[in-house]
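Undergrad: One line per chain: the protein sequences are A, B, C and D, in this order.
Number 338 in UniProt numbering belongs to position 136 of the first sequence; there are no gaps in the numbering.
Number 281 in UniProt numbering belongs to position 79 of the second sequence; there are no gaps in the numbering.
Number 276 in UniProt numbering belongs to position 74 of the third sequence; there are no gaps in the numbering.
Number 323 in UniProt numbering belongs to position 121 of the fourth sequence; there are no gaps in the numbering.
The beta carbon of each residue, even a glycine, is placed where N, CA and C say it ideally should be.
I am attaching a structure below and will ask some questions about it afterwards.
4 protein chains.
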Amino acid sequence: LIRTWEPNLAQYPLIGIEDEEFASFKKLFTRQEVRAVTLAKLKLQNDLVLWDIGAGSGSVSIEASNLIPNGKLFAIEKNSQYVTFLKQNLDKFCARNVKLVEAYAPEGLDDLPDPDRVFIGGAGGNLEEILEQVDRRLKGDGLIVINAVTLDTLTKSIEALEYHGYQIEVVCINVSRTKPLTEFKLFEAHNPVYIITAWKGAE
Amino acid sequence: LIRTWEPNLAQYPLIGIEDEEFASFKKLFTRQEVRAVTLAKLKLQNDLVLWDIGAGSGSVSIEASNLIPNGKLFAIEKNSQYVTFLKQNLDKFCARNVKLVEAYAPEGLDDLPDPDRVFIGGAGGNLEEILEQVDRRLKGDGLIVINAVTLDTLTKSIEALEYHGYQIEVVCINVSRTKPLTEFKLFEAHNPVYIITAWKGAE
Amino acid sequence: LIRTWEPNLAQYPLIGIEDEEFASFKKLFTRQEVRAVTLAKLKLQNDLVLWDIGAGSGSVSIEASNLIPNGKLFAIEKNSQYVTFLKQNLDKFCARNVKLVEAYAPEGLDDLPDPDRVFIGGAGGNLEEILEQVDRRLKGDGLIVINAVTLDTLTKSIEALEYHGYQIEVVCINVSRTKPLTEFKLFEAHNPVYIITAWKGAE
Amino acid sequence: LIRTWEPNLAQYPLIGIEDEEFASFKKLFTRQEVRAVTLAKLKLQNDLVLWDIGAGSGSVSIEASNLIPNGKLFAIEKNSQYVTFLKQNLDKFCARNVKLVEAYAPEGLDDLPDPDRVFIGGAGGNLEEILEQVDRRLKGDGLIVINAVTLDTLTKSIEALEYHGYQIEVVCINVSRTKPLTEFKLFEAHNPVYIITAWKGAE
Chain A
203 LIRTWEPNLA QYPLIGIEDE EFASFKKLFT RQEVRAVTLA KLKLQNDLVL
253 WDIGAGSGSV SIEASNLIPN GKLFAIEKNS QYVTFLKQNL DKFCARNVKL
303 VEAYAPEGLD DLPDPDRVFI GGAGGNLEEI LEQVDRRLKG DGLIVINAVT
353 LDTLTKSIEA LEYHGYQIEV VCINVSRTKP LTEFKLFEAH NPVYIITAWK
403 GAE
Chain B
203 LIRTWEPNLA QYPLIGIEDE EFASFKKLFT RQEVRAVTLA KLKLQNDLVL
253 WDIGAGSGSV SIEASNLIPN GKLFAIEKNS QYVTFLKQNL DKFCARNVKL
303 VEAYAPEGLD DLPDPDRVFI GGAGGNLEEI LEQVDRRLKG DGLIVINAVT
353 LDTLTKSIEA LEYHGYQIEV VCINVSRTKP LTEFKLFEAH NPVYIITAWK
403 GAE
Chain C
203 LIRTWEPNLA QYPLIGIEDE EFASFKKLFT RQEVRAVTLA KLKLQNDLVL
253 WDIGAGSGSV SIEASNLIPN GKLFAIEKNS QYVTFLKQNL DKFCARNVKL
303 VEAYAPEGLD DLPDPDRVFI GGAGGNLEEI LEQVDRRLKG DGLIVINAVT
353 LDTLTKSIEA LEYHGYQIEV VCINVSRTKP LTEFKLFEAH NPVYIITAWK
403 GAE
Chain D
203 LIRTWEPNLA QYPLIGIEDE EFASFKKLFT RQEVRAVTLA KLKLQNDLVL
253 WDIGAGSGSV SIEASNLIPN GKLFAIEKNS QYVTFLKQNL DKFCARNVKL
303 VEAYAPEGLD DLPDPDRVFI GGAGGNLEEI LEQVDRRLKG DGLIVINAVT
353 LDTLTKSIEA LEYHGYQIEV VCINVSRTKP LTEFKLFEAH NPVYIITAWK
403 GAE
């Protein structure tokens, strides 16, 4: 196994990059702790193909690329407010095996190689269409991971995944992090995130 | 960067290994989700030295070794009930850069190289003594991560770390995971884990 | 305002009765903390009519009856394993204004006065039918509160409530309580409960 | 049991009053859900004496007074920013058995009757002094309930309570509540609150 180039490891960790290090639109990105759990749920291995749909500021793609430098990662994002920051972040963290696909999924997916893993961090209003497309293309032992912060996305995702015959696990992550308040440490809650993992075949 | 050997990537993911895959004593091990966050907090980089004190069944060391195959990892554990399973797990997951140190910390730490990262998953009754030793040996830009499941360990850890002049962040992780209940998905809570990260220098 | 009898206040609090005080089948009852939040969501007032559908061991009805001794409460439960304990509990806590209705809802609801408040702690497989009936009978400024512990009940409840034109608030409660572990205090998580509150009219 | 006056039940519930109904300084008050659990932990009964130390906007005192109209409640608060709102709220909710004590505890406690229950929602910097005073005055079967939102208050409270020989239970409450986000329901987390309950005697 030979890595022909390497991520920016002198300065940044493989995973656990501080939230402030990511350029972002209105602080809309996956928080450090939830990102770590999301990567765990994606069960990344050596040279997989990963689609990151609604890549936002790219924080998940970037850490995933640190984990699998031989993988093929595609960050699909159309919203121009995100794309600017996404490009900055891919540069900053030398995420050279992440290819930016500027498209509004499910558009743009046709030209990509079949995925082993699909992460959906943001689906706009197209969740059903995206999942239909993903379902056709996902490899047999593949995995879909969806992060939902609204009850509606949670409900719709499960409905659509069950319709397509997936097994489903849902994990709800509640994180609170201390932050200095005068000389005290206040526990500050992050909004909960529902991480849905779906796969075909026996449970 | 050349990896001269590789972890068992054909079968298992780098991180996110299923809990059931680890041999363990009374199911006492760090759960998948908390393990992922713990690894993120450890901010692992290429060839660091990591001490895993109270390594238990070794799940954190094993995934850390997948992340930094060039790192030097030391799993310190004395409890014979754990050691048996720890050895099995290191074998199973080909964690070749994890060295088992059968000692009751702070014993056994003297012979190890100075650490860049220290993870304390279990400290027995020796937390203060261990932190004293760790504080003398930790490199300047090093990090200590402690997982606490009791209020007492949380309180003692913070007191001792502040005494030694560390900056501290505490994160509380509450995870609930769906499990099948007849045809339903019941949300089942895991006990919360407090992940304490400590470092010297400016906040 | 004259109370003609009084609950067993010498021994027990109005709300916050210890879980262990309730006779129960397989410890299936609403925990103290979630019970308190449920009662808050029910917004109880002086002489309301409350239907407690799937009353289980009756813990919600009992504390509700302490709060509104002039109210008319109906505990609807058919499962004979629960009914035995429910009767014991109603006796023990002198919940004299709770009437036990041994029926499998929506059966049995026809004979009851129109409700101001409806609490659904357990709906068996009949959630849709129950909500249809409840919707026909609930007074104009009434409230429905549903506790869900499975994703399926959460999803179905919301779907049915929205179908009937209700405004909805969902609260997810995660409680961990210390319990002695040797000389330590272990944080032990209770399974999360989703408390759904629904009402007609403007949000 | 005769109530000689009654709370404003026509408009407001006994417990579960909406957060927005309370006048407050910078929205610093105990949230509806946590208030309910706090009241449950206080195990209120008919005619108890309750000290509410650091009463803030008075939300706990007000709902407690609804529960025990025959009780004697003392809301101790000095901060003038809070006192203004506290007075408004006591008026609005007709909490006639709550006496406002404008003092900076432990000052002002000397003149009050011995308490059956003590709630500490805010202790300023005087936690140890307050607990010393409370410990001298609390009746034999009394209860102390403390709400902590910082790690420091949590730690100090437990230390001081154990020093005075109390048994302790700590409950951590994590609440997330849906709020409308365009047409979706976003789960919004409230900061976690640690509710500490302490009592003398056998566990």
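Whose C-beta lies closer than 8 Å to the C-beta of A/Thr380 among residues of the same chain, with five residues either side of it excluded?
TA: Residue 380 of chain A sits at position 178 when you count from the first residue of the first sequence. Closer than 8 Å at Cβ, skipping near neighbours: Lys387, Leu388, Phe389 and Glu390.
Undergrad: Compute the distance between the beta-carbons of B/Ala400 and A/Ala238, then report whether it is under 8 Å.
TA: Along the second sequence, one-based indexing puts residue 400 of chain B at 198. Along the first sequence, one-based indexing puts residue 238 of chain A at 36. Not closer than 8 Å, so no.
Undergrad: In chain order, which alpha helix (DSSP H) runs of at least 4 residues are fully inside the stretch 305-362 of chain A?
TA: If we require 4 residues or more, the alpha helix (DSSP H) runs fully inside the stretch 305-362 of chain A come out as 329-339.
Undergrad: Within its chain, find whatever has a CB closer than 7 Å to the CB of D/Lys280; leave out the 5 residues flanking it on each side and keep chain order.
TA: Working through the fourth sequence from its first residue, we reach residue 280 of chain D at position 78. Glu304, Ala305 and Tyr306, listed in sequence order.
Undergrad: Assuming contact is defined by CB atoms lying nearer than 8 Å, are C/Asp254 and C/Ser263 in contact in what I supplied?
TA: Counting from one through the third sequence, the residue named residue 254 of chain C turns up at place 52. Counting from one through the third sequence, the residue named residue 263 of chain C turns up at place 61. The answer is yes: Cβ separation under 8 Å.
Undergrad: I want to verify the contact list: residues of chain C whose CB lies under 9 Å from the CB of A/Val351, in sequence order.
TA: For this step, residue 351 of chain A is matched to residue 149 along the first sequence. Neighbours of A/Val351 on chain C: none; closest Cβ ~12 Å, over 9 Å.
Undergrad: Check whether the Cβ atoms of A/Ser267 and A/Val236 lie closer than 8 Å to each other.
TA: As a position in the first sequence, residue 267 of chain A is number 65, starting the count at 1. As a position in the first sequence, residue 236 of chain A is number 34, starting the count at 1. No, these two residues do not count as a Cβ contact at 8 Å.
Undergrad: Listing by chain order, which chain B residues have their CB less than 9 Å from the CB of A/Val372?
TA: Position 170 of the first sequence holds residue 372 of chain A. Those are Ser378, Arg379, Thr380, Lys387 and Phe389, listed as they occur along chain B.
Undergrad: Quick check on this structure: which residue in C/Asn328, C/Val373 and C/Asn376 has the alpha carbon closest to the alpha carbon of C/Lys358?
TA: Start at 1 with the first residue of the third sequence, and residue 358 of chain C comes out as number 156. Checking every option, the nearest Cα to that of C/Lys358 belongs to C/Asn328.
Undergrad: Using a Cβ-Cβ cut-off of less than 9 Å, give me the residues of the stretch 218-247 of chain A that come near chain B, in sequence order.
TA: Listed by position, the residues of the stretch 218-247 of chain A near chain B (Cβ gap below 9 Å) are Gly218, Ile219, Glu220, Gln234, Glu235, Val236, Arg237, Ala238, Val239, Thr240, Leu241, Ala242, Lys243, Leu244, Lys245, Leu246 and Gln247.
Undergrad: Return no unless some Cβ of chain C is closer than 8 Å to the Cβ of D/Ile375.
TA: The residue given as residue 375 of chain D occupies position 173 in the fourth sequence. Chain C contact via Cβ: present.
Undergrad: For B/Lys402 and D/Asp293, I'd like the C-alpha separation in whole angstroms.
TA: On the second sequence, position 200 is the one that residue 402 of chain B refers to. On the fourth sequence, position 91 is the one that residue 293 of chain D refers to. One C-alpha to the other measures close to 52 Å.
Undergrad: Establish whether the CB of C/Trp401 and some CB of chain D are separated by less than 8 Å.
TA: By one-based count along the third sequence, residue 401 of chain C stands at place 199. By this cut-off, C/Trp401 is not an interface position.
Undergrad: At which residue ranges does the stretch 279-303 of chain A contain complete alpha helix (DSSP H) runs of 4 or more residues, listed in the order of the chain?
TA: As far as the stretch 279-303 of chain A is concerned, its whole alpha helix (DSSP H) runs of at least 4 residues are 282-294.
Undergrad: Whose Cβ in chain A lies nearer than 7 Å to the Cβ of C/Ile348?
TA: Start at 1 with the first residue of the third sequence, and residue 348 of chain C comes out as number 146. What C/Ile348 touches in chain A: nothing, since even the nearest Cβ is about 14 Å away.
Undergrad: With a CB to CB cut of under 6 Å and the five nearest residues on each side skipped, what residues in its chain are close to A/Leu333?
TA: Numbered from its first residue, the first sequence carries residue 333 of chain A at position 131. So the qualifying residues of the chain are Ala362.
Undergrad: If B/Ile397 sits next to B/Thr240, beta carbons under 8 Å apart, how far is it from one beta carbon to the other, in whole angstroms?
TA: Residue mapping note: residue 397 of chain B aligns to position 195 of the second sequence, counting from 1. Residue mapping note: residue 240 of chain B aligns to position 38 of the second sequence, counting from 1. With a Cβ gap of about 6 Å, B/Ile397 and B/Thr240 count as contacting.
Undergrad: Going by C-alpha distance, which of A/Val285, A/Arg298 and A/Ser259 is nearest A/Asn272?
TA: The residue given as residue 272 of chain A occupies position 70 in the first sequence. Ranking A/Val285, A/Arg298 and A/Ser259 by Cα distance to A/Asn272 puts A/Arg298 first.
Undergrad: Using a Cβ-Cβ cut-off of less than 7 Å, list which residues of the stretch 300-325 of chain B approach chain A; keep chain order.
TA: The residues in question: there are none.
Undergrad: With a Cβ-Cβ cutoff of 8 Å, do C/Leu246 and D/Leu246 count as a contact?
TA: Within the third sequence, numbered from 1, the residue matching residue 246 of chain C stands at position 44. Within the fourth sequence, numbered from 1, the residue matching residue 246 of chain D stands at position 44. Not in contact: C/Leu246 and D/Leu246 (Cβ atoms no closer than 8 Å).
Undergrad: Taking DSSP as the reference, what is the three-state secondary structure of A/Lys381?
TA: Here residue 381 of chain A corresponds to residue number 179 of the first sequence, with the count starting at 1. Here A/Lys381 sits in strand by DSSP.
Undergrad: Measuring only between beta-carbons, confirm whether A/Asn281 sits less than 8 Å from chain D.
TA: Numbered from its first residue, the first sequence carries residue 281 of chain A at position 79. No, no contact with chain D.
Undergrad: List the residues of chain C whose Cβ lies closer than 8 Å to the Cβ of D/Leu252, in chain order.
TA: The residue you call residue 252 of chain D lines up with position 50 of the fourth sequence. The contacting residues do not exist; D/Leu252 stays about 12 Å from chain C at best.
Undergrad: Tell me the rounded alpha-carbon separation between B/Pro394 and C/Arg338.
TA: Taking the first residue of the second sequence as 1, we reach residue 394 of chain B at position 192. Taking the first residue of the third sequence as 1, we reach residue 338 of chain C at position 136. Roughly 42 Å separates the two Cα atoms.
Undergrad: Rounded to whole angstroms, what's the CA-CA distance from C/Ala225 to C/Phe295? Just pull it up for me.
TA: In the third sequence, counting from the first residue as 1, residue 225 of chain C sits at position 23. In the third sequence, counting from the first residue as 1, residue 295 of chain C sits at position 93. Between C/Ala225 and C/Phe295, the C-alpha separation is close to 11 Å.
Undergrad: Please list, in chain order, all residues of the same chain as B/His366 whose beta carbon is under 8 Å from its beta carbon, the five residues on each side excluded.
TA: What you label residue 366 of chain B is simply residue 164 of the second sequence in a count that begins at 1. The answer, listed in chain order, is Leu333, Glu334 and Asp337.
Undergrad: Answer with yes or no whether the minimum CB distance from B/Asn268 to chain C is below 8 Å.
TA: Numbered from its first residue, the second sequence carries residue 268 of chain B at position 66. B/Asn268 does not count as touching chain C.
Undergrad: Could you check the C-alpha separation between A/Gln369 and A/Ala350 for me, to the nearest Å?
TA: Within the first sequence, numbered from 1, the residue matching residue 369 of chain A stands at position 167. Within the first sequence, numbered from 1, the residue matching residue 350 of chain A stands at position 148. About 17 Å.
Undergrad: Specify the secondary structure class of C/Phe272 as computed by DSSP and reduced to three states.
TA: On the third sequence, residue 272 of chain C is found 70 positions in, with the first residue counted as 1. Checking the displayed sequence, the identity of residue 272 of chain C turns out to be Asn instead of Phe. Of the three classes helix, strand and coil, the one that applies to C/Asn272 here is coil, per DSSP.
Undergrad: If you reduce the DSSP assignment to three classes, tell me which class D/Ala400 lands in.
TA: Within the fourth sequence, numbered from 1, the residue matching residue 400 of chain D stands at position 198. Strand.
Undergrad: With DSSP as the reference, label D/Glu364 as helix, strand or coil.
TA: Here the question's residue 364 of chain D lines up with position 162 in the fourth sequence. Three-state result, D/Glu364: helix.
Undergrad: Checking contacts by CB at 8 Å: is residue 407 of chain B closer than that to chain C?
TA: A query on residue 407 of chain B cannot be resolved here, the shown segment of chain B reaching from 203 to 405 and no further.
Undergrad: Going by DSSP, which residues form a beta bridge with A/Leu388?
TA: Indexing the first sequence from 1 puts residue 388 of chain A at position 186. Answer is A/Lys381 and D/Thr352, bridged to A/Leu388.
Undergrad: Compute the Euclidean distance between the alpha carbons of A/Thr384 and C/Gly256, then round it to the nearest angstrom.
TA: On the first sequence, position 182 is the one that residue 384 of chain A refers to. On the third sequence, position 54 is the one that residue 256 of chain C refers to. Going by the C-alpha atoms only, they are around 48 Å apart.
Undergrad: Taking Cβ positions only, does A/Leu275 come closer than 8 Å to chain B?
TA: Sequence index remark: in the first sequence, residue 275 of chain A carries index 73 (1-based). Chain B contact via Cβ: absent.
Undergrad: Taking the alpha-carbon of B/Ile346 as reference, which of B/Asp354, B/Leu353, B/Glu371 and B/Gly326 has the nearest alpha-carbon?
TA: Position 144 of the second sequence, counted from the first residue, corresponds to residue 346 of chain B. Checking every option, the nearest Cα to that of B/Ile346 belongs to B/Glu371.
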